[in-house]
């Protein structure tokens, strides 16, 4: 229990420190004292610029990291596979494909982009389950099918781009120039998804057991899997619509979280959300400040970190 409390406190402090650093560092510099002093000063031009330009980016990064990390936890629970991730098995690619289709070819339906992204992610998830199921879920087959589904939707997206669709923000992650409208979108859908994920923590704990054991206590395995998968797709789609595709988050963060707070989803889900928010915000902030005026997308930094981490997990398995 002490380790869990310390982990929560440490990550919370790190997240707050990163938020302050992200807000005060960049083309507009501000000391911590000035930041606190002028936070409620509407006449300070620098603070106004920070609130309009950096705060939306910070909030989007926080919610994208939390959403993708928790989506990874949920998918790993229902698939009983430590390598399940929305970006890795094609859910993010499916969401990006339908988002790009709406934005490029049916712009009058732009308001329904989140719904379209959800449908695309749900289709990808359905195909993964359908094609990998044979008297149960085979972990290796599931990953191979997921890679194939990811490649298929990525190929369809590339085909649309070749026909003139704009890939900006759809298949790449760029958190710059985010607006308060973006914040409203990801906070609304992300909060709903995170709340539902926490409500379903008990079902996640049961699904970690074998199907035979779960059925013996009268648990509806199929219904639980469908419901939890829908929540995972909602979280991934909300992130893709606003922040673009960021892979490896759903693999990296849950594994670190389990080592710190254990396997009980009642604790694991909120801690994973907190840790994911910190890691994505840190990645975006470092990418924005380390090579200024050039920017390295958070997705690139996560790929650099996540690639070796995935290899480590595969060797361990």
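In the numbering used here, the protein residues as written are 38 to 354. Idealized CB from N, CA, C, for every residue including glycine.
Hey, how far is the Cα of residue 319 from the Cα of residue 252?
For residue 319 and residue 252, the gap between their C-alpha atoms comes out near 42 Å.
For residue 329, which residues from the same chain have a beta carbon less than 8 Å from its beta carbon, with the 5 sequence-adjacent residues on both sides left out?
Excluding residues up to 5 positions away in sequence, 63, 64 lie with their Cβ nearer than 8 Å to the Cβ of residue 329 in the same chain.
Based on Cα-Cα distance, which residue from 290, 263, 191 lies nearest to residue 240?
Looking at the Cα atoms, 263 is the closest of the given residues.
Based on Cα-Cα distance, which residue from 150, 121, 135, 289 lies nearest to residue 196?
Among 150, 121, 135, 289, the Cα nearest to that of residue 196 belongs to 135.
How many Å lie between residue 221 and residue 283 at the Cα?
Straight-line Cα distance between these residues: approximately 20 Å.
Taking just the CA atoms, how far does residue 121 sit from residue 266?
Approximately 12 Å, taken between the alpha carbons.
Might you give, ordered along the chain, the residues of its own chain that have their beta carbon closer than 6 Å to the beta carbon of residue 188, omitting 5 neighbours on each side?
Hits under 6 Å: none found.
Do three or more CB pairs link the region 102–109 to the region 308–315 at distances below 8 Å?
Result yes; three or more Cβ-Cβ pairs closer than 8 Å.
Rounded straight-line distance, which links the Cα of residue 192 to that of residue 199:
A direct Cα-to-Cα measurement between residue 199 and residue 192 gives close to 11 Å.
Beta-carbon spacing of residue 227, residue 272 below 8 Å
Yes, the pair counts as a contact, with Cβ atoms nearer than the cut-off.
Provide the residue span of the alpha helix (DSSP H) that contains residue 151, from first to last.
Unbroken alpha helix (DSSP H) run through residue 151: 150–169.
Does the beta-carbon distance from residue 233 to residue 270 come in below 8 Å?
Not in contact: residue 233 and residue 270 (Cβ atoms no closer than 8 Å).
Is it true that the region 69–87 meets the region 296–306, where meeting means three or more beta-carbon pairs spaced less than 8 Å apart?
As far as the Cβ criterion goes, the region 69–87 does not touch the region 296–306, which means the pair count is below three.
For the alpha helix (DSSP H) containing residue 144, list its first residue and its last residue.
Segment: none, residue 144 is in no alpha helix (DSSP H) and carries neither H nor E.
Spatial distance of residue 332 from residue 248 (CA atoms):
Residue 332 and residue 248 have their alpha carbons spaced roughly 47 Å apart.
Residue 118 burial status per 10 Å Cβ neighbour count (16 or more: buried)
Per the 10 Å Cβ criterion, buried.
Applying the 10 Å Cβ sphere with the 16-neighbour rule, what's the burial state of residue 190?
A buried status is given to residue 190, since no fewer than 16 other beta-carbon atoms sit within 10 Å of its beta-carbon.
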